[in-house]
Amino acid sequence: MRQILVKVLTQNSDRRPGGIDTIDPKEIAILCAKTADDKKASDIFIFDVQGLTFITDFLVICSGFNERQLQGIAKEIELKLHSYGIHWMGMEGYQEAKWILMDYGDVIVHLFDKEMRHFYDLELLWGDAQKLPWKADI
């Protein structure tokens with residue numbers, strides 16, 4: 198698994214000296230899922246697609262109830278990862294907020310409204326992928 202070298206912008210005594218920390222893509226995917234959960238996203242799943250595609254290692258898929266909530270979830274994920282020095286490579290669909298795709302390289306986040314999620318059914322498409330547990334209580 199590739200490692201992402203990030204500059205940690207927050208000062209935390211348990212971080213390594215110099216403000217550099219290594220966060221692997223799995224941890225980034227879990228951070229995205231938890232951030233989406235904090236913003237009341239629903240039906241949140243993380244798929245480990247390593248070995249199934251060369252495009253990415255992890256997919257985070259979740260739903261929101263309306264455009265404003267989906268945009269809020271996207272913004273919060275962007276801000277949370279930015280605080281770790283992680284920036285998206287691309288984002289699509291933010292204005293329409295029916296399907297927002299956030300590309301972080303090793304992690305791709307899909308934020309759907311209910312209708313688009315049902316129509317595209319990425320869970321069926323990636324049915325061979327392992328689902329990762331991510332909740333703190335698991």
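All you need for my numbering is the position in the sequence shown, starting with 1, plus 197. Yeah, the Cβ is synthetic: ideal placement off N, Cα and C, and Gly gets one too.
- In the assembly as shown, R265 is an exposed residue. Its beta-carbon has fewer than 16 other beta-carbons within 10 Å.
- Its chain contains I258, K328 as the residues whose beta carbon lies nearer than 6 Å to that of F242, once the 5 sequence neighbours on both sides are disregarded; these appear in chain order.
- In the DSSP annotation of this structure, the continuous segment of the beta strand (DSSP E) that includes Q327 starts and ends at 327–329.
- For L249 against D318, the beta-carbon gap comes to about 16 Å, at or over 8 Å, which does not count as contact.
- Around the beta-carbon of F309, 16 or more other beta-carbon atoms lie within 10 Å, marking it buried.
- Contact check for I225 and I305: beta-carbon distance about 11 Å, past the 8 Å limit, so the pair fails to qualify.
- By the Cβ neighbour-count rule, L322 is exposed, with fewer than 16 other Cβ atoms within 10 Å of its own.
- K237 and G261 have their alpha carbons spaced roughly 8 Å apart.
- In the DSSP annotation of this structure, H315 is not part of any beta strand (DSSP E); the continuous alpha helix (DSSP H) holding it starts and ends at 311–317.
- DSSP places D235 inside the alpha helix (DSSP H), whose first and last residues are 222–235.
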